Amino acid sequence: MAHTFDELVQKQRAADAAHATVEDLRETYGPPAERGMTGAQSGTYETALRAWRDLARDVQTALSEYAKETGRPRADIEAEVERAAADQPHRPPAG
Numbered sequence: 372m373a374h375t376f377d378e379l380v381q382k383q384r385a386a387d388a389a390h391a392t393v394e395d396l397r398e399t400y401g402p403p404a405e406r407g408m409t410g411a412q413s414g415t416y417e418t419a420l421r422a423w424r425d426l427a428r429d430v431q432t433a434l435s436e437y438a439k440e441t442g443r444p445r446a447d448i449e450a451e452v453e454r455a456a457a458d459q460p461h462r463p464p465a466g
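Here this note's numbering is used: the first residue of the sequence shown is 372, the next is one more, and so on.
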């Protein structure tokens with residue numbers, strides 16, 4: 372599957388947002404192993420964690436594919452994508 376640089380940046384932003392959600396939940400509920408979460412809290416946390424892992428995996432796969440397609444070093448592309456994702460604030464689609 373062909374990817375554009377902008378698509379990689381969007382995927383990275385989505386993964387970053389999911390990671391921020393996990394961190395917020397961890398701060399709110401406490402570390403999962405240290406204190407008992409309610410069933411609802413545990414479910415919310417586990418769902419957020421799975422979403423982050425899935426999105427992060429998708430980014431990594433897309434980065435590898437893009438590097439192969441362009442013949443550029445993956446590490447260089449990853450660094451550029453991370454910089455672009457951090458530099459440009461996410462704007463929700465107009466609608």
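Even glycine gets a Cβ: it sits at the ideal position worked out from N, Cα and C.
Quick caveat, the model's predicted, so the values are computed rather than measured.
Reduced DSSP category for residue i - H, G, I as helix; E, B as strand; rest coil
i	result
P464	In this prediction, P464 has a pLDDT of 44, which is less than 50 and means its spatial position is unreliable; what the coordinates show is noted afterwards. Looking at P464 - three-state DSSP - the assignment turns out to be coil, as it is neither helix nor strand.
H390	helix
T375	coil
G442	coil
Residue range of the unbroken alpha helix (DSSP H) whose run includes residue i
i	result
A404	Premise fails: A404 is in no alpha helix (DSSP H) and is neither H nor E.
R445	R445 to D458
Residue of the options minimising C-alpha distance to residue i
i	options	result
E422	R384, H390 and A456	Glu is not the amino acid found at residue 422; the sequence shown has Ala there. Checked all of R384, H390 and A456; the closest Cα to A422 is H390.
Q412	D395, R443 and V380	D395
Y416	A450, T392 and T441	T392
R385	L426, T399 and P444	Per the sequence shown, the amino acid found at residue 385 is Ala instead of Arg. Per the Cα distances, L426.
L424	E451, Q381 and D387	First, the amino acid is wrong: residue 424 is Arg here, not Leu. Measuring from the Cα of R424, the nearest candidate turns out to be D387.
Inter-stretch contact at 8 angstroms, needing at least 3 Cβ pairs: the segment 375 to 386 / the segment 452 to 459: Contact holds: three or more Cβ-Cβ distances are below 8 angstroms.
Below 8 angstroms, can you find three or more Cβ-Cβ pairs linking the segment 414 to 432 to the segment 390 to 404? Yes, they touch.
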